[in-house]
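**Student:** Can you keep this structure in mind? I'll have questions shortly.
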Amino acid sequence: MEELIHGEGSGRGGVGSSQESAREIIRHVKRYGRRRVRGEDKVRIVMEGLRGEEPVSDLCRRERITKGAYYRWLKSFLEGGKRRLQGDHLREANSEEVGLLREESDHLKKLVAELLLENNRLKKSHLE
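Add 886 to the 1-based position in the sequence shown for this note's numbering, that's all there is to it.
Below, the structure written as structure tokens:
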């Protein structure tokens, strides 16, 4: 980042380089300025907003999020709760669960194949 600010990054001189440096700085800030907020933190922030102990604008400022992000999270939170109340109990499996289920599926497929082979062997031996 330091190279971008002092113009050492592109190695080009002239008029176009200052505009290019500015674009690189803007690109860098946009790329690294965003932070990922964990799901647990989103729930905590939404719950604090629902409690109403402080204005949403103050909450967002303190948590360094936009009000738009807060209201998107709130909508998702309420929609999720609404779906759960209506009986939709589907949830996404995490990668560990998917891996375990695949292993179990492979194991069961092998068992079925072994049982089919054994069944065919017994049928043939019974016919002879």
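For every residue, glycine included, the Cβ atom is placed at its ideal position computed from N, Cα and C.
For clarity, every value in this text was computed on a predicted model and none was experimentally measured.
Using a Cβ-Cβ cut-off of 6 Å (strictly less than) and excluding sequence neighbours within five positions of E1000, which residues of its own chain qualify?
**Tutor:** Excluding sequence neighbours, E1000 sits near nothing in its chain.
**Student:** What does the alpha-carbon distance come out to for the pair E910 and R950?
**Tutor:** So the two alpha carbons sit approximately 24 Å from each other.
**Student:** Determine the DSSP secondary structure at V915, reduced to helix, strand or coil.
**Tutor:** Residue state, collapsed to three classes: helix.
**Student:** Between E934, S943, W959, which lies nearest to V923 when the distance is taken from Cα to Cα?
**Tutor:** Ranking the options by Cα distance to V923, first place goes to W959.
**Student:** Rounded to whole angstroms, what's the CA-CA distance from R969 to R921? Just pull it up for me.
**Tutor:** Rounded to the nearest angstrom, the two C-alpha atoms are 28 Å apart.
**Student:** Just tell me which of I931, L945, E990, V984 has its CA closest to the CA of S962.
**Tutor:** Ranking I931, L945, E990, V984 by Cα distance to S962 puts I931 first.
**Student:** Measuring only the C-alpha atoms, how far is D927 from H914?
**Tutor:** Computed Cα separation, rounded: 25 Å.
**Student:** So, at 7 Å on beta carbons, what are the nonlocal neighbours of V942 in its own chain, with the 5 sequence-adjacent residues on each side left out?
**Tutor:** Correct list, in chain order: G935, K953, Y956.
**Student:** Does DSSP put R1006 in a helix, a strand or coil?
**Tutor:** The identity of residue 1006 in the sequence shown is Asn, whereas the question assumes Arg. Here N1006 sits in helix by DSSP.
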